[in-house]
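Since the structure comes first, as structure tokens, the remarks are kept for the end.
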Amino acid sequence: MQQTKIDSLYIQLKRDIVQGELPQGQALKQTQLAMRYGVSRIPIRDTLQRLKNEGWLSSHGKSSVMISPLNANDAEDLYLMRLHIEPMLLAHAIPNTNFETLGKAKDILLQLQTSEQRDILQQGELNWQFHRCLYLPAQRVALFETVAQLHRLCGRYIGFQEMELDYLSHSQDEHKALLTAISAQDIQEANRVLSEHIRTAGEQLVNYLRLSV
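Heads up, the sequence shown is in this note's numbering, so the first residue is 805 and it goes up one at a time.
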């Protein structure tokens, strides 16, 4: 199977999880999924492992997986880690940010503003691309890879948040304020906006999940 087809399978499985097309709390077997998606068990196995690594699935029995429930404590841990690490990375990035980076970030922001026509996964990917664009100039590989992994682990939570809690419009206002501060090379203000952006979204999600138990 070509890599593009494997990537398509990965995206389709995530989309089906977000949209509730796959049952929660039940075993998902490789043979059943292979039949559902019309592929062999090998790409299913590899895709399921990738989704387990990113927190979308968890082990269920000897050879099955299940959709991981959204967990308030996990959501809190993720946003608290982001809250400490991302402002540090941004502070390293801002002195190296140039007009090309700002231009790319503005283009992504424009795409996010029209992302209502896209599905939740596409919105989440654009959100990461915006933050990624702002963090890359830091040239701090270990910090960047840690942040990238945190965003991967947050993927399902962010999708849920924008779908169920209608957070997208508020998030966009914070993105604009962040870009304004970075354009002015104001590290203190940029980190204040970024910290508030992460904290507000994280607390909203955690409170919702705890009230839903």
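The C-beta atom is built at its ideal place from N, Cα and C for all residues, glycine as well.
Three-way DSSP call (helix, strand, coil) for residue i in this model
| i | result |
| --- | --- |
| lysine 866 | coil |
| leucine 914 | helix |
| leucine 861 | strand |
| leucine 837 | helix |
| arginine 956 | helix |
| leucine 826 | coil |
Same chain only: Cβ atoms within 7 Å of residue i, ignoring 5 sequence neighbours per side
| i | result |
| --- | --- |
| glycine 829 | Met870 |
| serine 987 | Leu906 |
Start and end residues, alpha helix (DSSP H) containing residue i
| i | result |
| --- | --- |
| isoleucine 1024 | Residue 1024 falls outside the range modelled here, since the chain spans only 805 to 1017, and no answer is possible. |
| asparagine 931 | 924-939 |
| alanine 1005 | 991-1016 |
Sequence-distant residues of its chain with Cβ nearer than 8 Å to residue i (five each side left out)
| i | result |
| --- | --- |
| glutamate 880 | Gly1006, Val1010 |
| lysine 980 | Leu913 |
| aspartate 850 | Ile810 |
Residue i beta carbon near the ligand MG (any heavy atom closer than 6 Å)
| i | result |
| --- | --- |
| serine 863 | For the structure depicted, the ligand MG is absent and the ligand set is empty, with no information on it obtainable. |
Among the options, the one whose alpha carbon lies nearest that of residue i
| i | options | result |
| --- | --- | --- |
| asparagine 857 | Cys958, Arg840, Ala981, Gln1008 | Cys958 |
| leucine 913 | Tyr939, Ile924, Ser975 | Ser975 |
| arginine 936 | Gln926, Arg944, Ala952 | Ala952 |
| tryptophan 860 | His1001, Lys908, Arg819, Tyr841 | Arg819 |
| leucine 874 | Leu884, Ser862, Met885 | Ser862 |
| glutamine 823 | Asn902, Tyr1012, Ile924 | Ile924 |
| arginine 1014 | Leu855, Asp878, Ser812, Leu817 | Asp878 |
| leucine 817 | Thr901, Arg960, Glu904, Leu894 | Arg960 |
| glutamine 1008 | Val843, Met839, Pro827, Leu884 | Leu884 |
| isoleucine 962 | Phe948, Thr1004, His896, Asn900 | Thr1004 |
| leucine 894 | Leu938, Ala838, Gly842 | Leu938 |
Open item on the list: I want to know whether the region 887-906 touches the region 987-997 - three or more CB-CB distances under 8 Å.
Closed with: yes
Task: At least 3 beta-carbon pairs within less than 8 Å: the region 826-833 vs the region 860-877 - done: yes
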